[in-house]
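Data block below; observations after.
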Amino acid sequence: CAWPWCSSSLLPRESAELAGVGRCDQLAVDRLLLRLSRLARGDQRVRLVELTTTSRLPAMYALREDAEAGALMAYGPSFPDLFRRAATYTAKILKGAKPADLPVEQPMIYELVLNLKTARALGLTFPPHLLVLADKVIQ
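Residue 1437 is where the sequence shown starts when you use my numbering, and the numbers rise one by one after that.
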């Protein structure tokens, strides 16, 4: 992939396809950016993190839980904030607001989580300014 990230079209789309991938080098990529997808949940999240770390492949994920599971880093929306905002919408609807009249909102808070343990295992270091910007740094 010529860009500093790779399209998820290069990745398996279903769990059965992912099970057939023994190492990330079989995907013919040298780095990954994993967006929110069906593969990024539950057991498949653990499998993707294992594949990228054992293959020494730097990968950026979209969920805090991915970095907590061992991924190099994650940047994505704060789900606790999204849930709080969903509760506000629910309250408005229960008070009589028409759902069609409520505006569509985008996530307002994003989280950057860096995993230093994984970075050390990959032989990488994060620039100091990125460490300062991170919402959470896993030692």
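We put the beta carbon where it would ideally sit given N, CA and C, even for glycine.
Mapping DSSP to helix, strand and coil, what is residue i?
i     : result
P1535 : helix
A1485 : Looking at the sequence itself, residue 1485 is Val, so the reference to Ala does not match. If DSSP states are grouped into helix, strand and coil, V1485 belongs with the helices.
R1521 : helix
P1563 : coil
R1556 : helix
E1504 : helix
L1530 : helix
V1540 : coil
In terms of DSSP beta bridges, what is residue i paired with?
i     : result
E1547 : G1512
A1391 : Coverage of the chain is limited to positions 1437 through 1575, which leaves residue 1391 absent and any answer about it impossible.
V1573 : L1550
Could you tell me whether the Cβ atoms of residue i and residue j are closer together than 9 Å?
i     : j     : result
A1570 : T1489 : no
E1547 : R1500 : yes
E1486 : G1512 : no
A1498 : I1574 : no
L1560 : L1508 : yes
Check: Touching or not, the stretch 1551-1559 and the stretch 1536-1543, by the rule of three or more beta carbon pairs under 8 Å?
Finding: no
Next item on the list: State whether the stretch 1519-1528 contacts the stretch 1484-1500, with contact taken as three or more CB pairs (one from each stretch) at a distance under 8 Å.
Entry: no
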